[in-house]
C-alpha cells in the first residue's frame, strides 16, 4: 500500500541527483499526449506569449485507461467556490445539455488535499469526459509572465518542473484522461471564464475574454501509426507491470501476427552510481560495482519488498536481464516473469522466509527450457551483464526515466499499464484494416476483467473463425448470431427472434410492397382520369368563345336534357 509513496520519494531523489532530470523542466512536457487550446483567439494569444503556440504544457496522469484517443471539449471550472480542489463528492455541476453535446465536458479543479486519482474518479462520476488539475505552486519559468502578480499569487516555494500525477493503487476504474497544468496557465483560463460570465470584467491577469466565450480544448492521446510496433516496458523486480501473464498472451498474439513488424524489449531501472553520489564503490548497500569500477544502483520502492536493500534489487534486475539475453526464445522470459509474479517474489509473503534471490530461483524451476547455468554465468561475468545494462542506464540518464513506464514506437506512454490499455496502444500502431485479432478484445471491450476473459477464451488466436467474444457466456464464438444462440435452442430461433423484434417477416414485407405498389398505381390512374376530364372542360370553354352554338352542338354531338351541349367524350378530346 506504500508503493507509490516510496516511488515518489525515489523520484524526488533521482530528480535531485540525476543531472538530466532537471533538463526536462517544462520545455518537454508530455511526449505521449497533446493538450491544445481551440479557442477563444484572445486566450490563444496569451498562450502564444508563454509557449510559442496554442498548446498547454501539462503532465499526464500515471493512472487510468482512457477509452478515447481524441476529445474536444469545453472547460468547466466546476469547483470555483467552496471546494476548489475537487475532493468533495458533493460538489455541484451544471446539468449536461443533451441538445449541445457536440463537444465533450472537460472539468477543471485546483490541486488540493486528496489524491489525483480521487479527483479524477469524482469528476468521471459527475459526467466529465476529461479532467484538468491546476497546480497550486508556481513555476519559476513563468515568473516573467506573472509580472506584478507574482508576489500575490506565488507566495509559496516555486517549482522548477511540474510534478507527476501519481497513481494511488486505486485508479484502474478511471477511464477519462487527466492532466496537470501550471498555475499560471490555469489562471489564464479561470480569468477567461470569469470574464465571459461577467461581461468582460474580473480576473487577475488583465482583460482576456469577452462575454459568452467558451474555452475549448483538444485532449489527444498520440500513438504513432507506423503499421509496425516496437515497444519497451521499463520496470524493476519489486515494481512490475501488473498482470504479466496476461501481457504475455498479448505479446505472443502480436508476434504470431507479424513477427517481422513487431519487437518487444524489457528494460530495467538501474541508475549510474554517480547519480546517487556513490561512485568509487561508496554505497555497497545501494549499488553493485563491476570490475571496471562502474557502479549500478537502485532503491526498493515498496516497504514490503523482498529486497533487503538496493544492491539486492540490482542483482535481481541483472538476473532478469540475463534471462532475456541467454534464451533465444523470448517466451521463456515471459514464462519466468509470470511465475515470478504468481509466487509473489516482489513482496514479502507471510509464512515464507525466501529471499528475493531464492524466490527467483524457485520461479525458474517451473519454466520449461530454462537454463540456470547460462543465467548464472551471465550474472557472474562482469563484462557480460555490464554490456546488457549500460544502454538502460544511459537511457535513464538521458531521458530522465525513474519509474515503471512504457514506450511505444519511441513515444513514452503514461496512464495505467493494464493489459487492456497496453494492447490498445499496440493495436493503434497498426492500420485498422490490418490488425491482429486480439485487437477486438481491446478496442470493443473497455472493462479489464472482460478483456482478460476475452483473450483467455482464445479470441486472440490468429487461426480459426471464432473471433467474436460473447460477454454473456465468456467464450469466443463466430459472430453475434452465434453468441445469442447460446441462450436459445437454435440459430434459426435467433433469426426468428430478430424478425419478430423487427415486427415482420420476409413474406410480410413482400405483400406490403405489392400492396403499396398497387395502391400507388390505382391512385395514378384515378389522377390521370381526373386530369383528362378537366382538360375536356377547358377545351369546351375555349371553343364556346369562338364557335356558334349550333356548330359547337354539331361538333360535340348533341344537347343534354337542359338544351346545353353535352361534354365531349374522351374519344373526342383525343381527336382534338
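In mature numbering (1 follows the signal peptide of the UniProt record, and there is no 0), the protein residues as written are -23 to -1, 1 to 553.
C-beta: ideal position from N, C-alpha, C; glycine also.
Exercise for the section: Using the DSSP secondary-structure output, state which residues sit across from residue 194 in a beta bridge. Expected result: 14 and 50
Handout entry: Contacting residues, own chain, Cβ-Cβ under 7 Å from residue 232 (five flanking each side not counted)
Key = 239
Exercise for the section: Check whether the Cβ atoms of residue 460 and residue 449 lie closer than 8 Å to each other. Expected result: yes
Exercise for the section: Would you identify the three-state DSSP class for residue 33, choosing helix, strand or coil? Expected result: coil
Handout entry: Residue interval of the alpha helix (DSSP H) (run including residue 268)
Key = It is not in any alpha helix (DSSP H) - residue 268 carries neither H nor E in the DSSP assignment.
Handout entry: DSSP-derived helix/strand/coil call for residue 550
Key = Because the pLDDT of residue 550 is 35, which lies under 50, any placement of that residue in the model is unreliable, and the question is left without a value.
Handout entry: Among 65, 53, 365 and 129, the one whose alpha carbon lies nearest that of residue 95
Key = 65
Handout entry: Option in 256, 31, 383 and 313 with minimal Cα separation from residue 580
Key = Look at the range of the chain in this structure, -23 to 553, and you will see that residue 580 is not part of it.
Exercise for the section: Using alpha carbons as the reference points, say which of 176, 186 and 69 lies closest to residue 165. Expected result: 186
Practice task
Could you tell me how far apart the beta carbons of residue 296 and residue 382 are, in whole angstroms, since I believe they sit closer than 8 Å?
Solution key: Not quite, the Cβ-Cβ distance comes to about 22 Å (not below 8 Å), so this is no contact.
Exercise for the section: Return the chain-ordered list of same chain residues with a C-beta closer than 6 Å to the C-beta of residue 556, the five sequence neighbours on each side being excluded. Expected result: In the structure as shown, the chain starts at -23 and stops at 553, and residue 556 therefore has no counterpart that could be examined.
Exercise for the section: Helix, strand or coil for residue 606, going by three-state DSSP, please let me know. Expected result: Outside the modelled stretch of the chain, which goes from -23 to 553, sits residue 606, for which no answer is possible.
Handout entry: Other residues of its chain near residue 106: CB distance less than 7 Å, five sequence neighbours each side excluded
Key = 48, 50, 81, 82, 83 and 153
Handout entry: Own chain, CB closer than 7 Å to residue 180, minus 5 neighbours either side, in chain order
Key = 168, 171 and 172
Practice task
Could you tell me the distance, in whole angstroms, from the CA atom of residue 227 to the CA atom of residue 396?
Solution key: 8 Å
Exercise for the section: Starting from the N-terminal side, write out each stretch of the alpha helix (DSSP H) that is 4 residues or longer and does not extend beyond the region 155 to 223. Expected result: 160 to 174
Exercise for the section: With DSSP as the reference, label residue 385 as helix, strand or coil. Expected result: strand
Handout entry: residue -19 - DSSP class collapsed to helix/strand/coil
Key = Annotation note: pLDDT 38 at residue -19 (below 50); position unreliable, coordinate value reported separately. DSSP places residue -19 in helix when its eight states are reduced to three.
Exercise for the section: Examine the Cβ distances between the region 197 to 211 and the region 368 to 388 and report whether three or more of them are shorter than 8 Å. Expected result: yes
Practice task
Have a look at the DSSP bridge pairing and note the partners of residue 445.
Solution key: 454
Problem - At least 3 beta-carbon pairs within less than 8 Å: the region 246 to 254 vs the region 267 to 286 - result: yes
Handout entry: residue 99 to residue 182 span [Cα, whole Å]
Key = 30 Å
Exercise for the section: Would you tell me roughly how many angstroms separate the C-alpha atoms of residue 266 and residue 138, rounded to the nearest one? Expected result: 32 Å
Handout entry: Proximity below 8 Å, CB of residue 392 to CB of residue 417
Key = no
Problem - Simplified DSSP state of residue 141, which is helix, strand or coil - result: coil
Exercise for the section: Give the DSSP-derived three-state secondary structure of residue 107 in the structure shown. Expected result: strand
Handout entry: residue 243, DSSP secondary structure in three states
Key = strand
Exercise for the section: May I have the straight-line CA-CA distance separating residue 6 from residue 241, to the nearest angstrom? Expected result: With a pLDDT of only 38 at residue 6, under 50, the local geometry of the prediction cannot be trusted, and the value read off the model is given with reservation. Whole-angstrom Cα-Cα distance: 25 Å.
Exercise for the section: Report the residue ranges of all beta strand (DSSP E) runs contained in full by the region 347 to 424; include only those spanning at least 3 residues, in chain order. Expected result: 382 to 385 and 388 to 390
Practice task
Quick one: grab the DSSP three-state call for residue 259.
Solution key: coil
Exercise for the section: Reducing DSSP to helix, strand and coil, say where residue 39 ends up. Expected result: coil
Exercise for the section: Could you check the C-alpha separation between residue 558 and residue 135 for me, to the nearest Å? Expected result: With the chain covering -23 to 553 only, the question about residue 558 has no answer from this structure.
Problem - Residue from 55, 195 and 387 with nearest C-alpha to residue 205 - result: 387
Practice task
Measure how close the beta-carbons of residue 293 and residue 337 come, nearest whole angstrom, since I'm counting them as under 8 Å.
Solution key: 6 Å
Problem - Chain-order list of residues whose beta-carbon lies under 8 Å from that of residue 451 (same chain, five-residue window excluded) - result: 430 and 434
Handout entry: Selection from 133, 249, 102 and 27 that minimises the alpha carbon distance to residue 369
Key = 249
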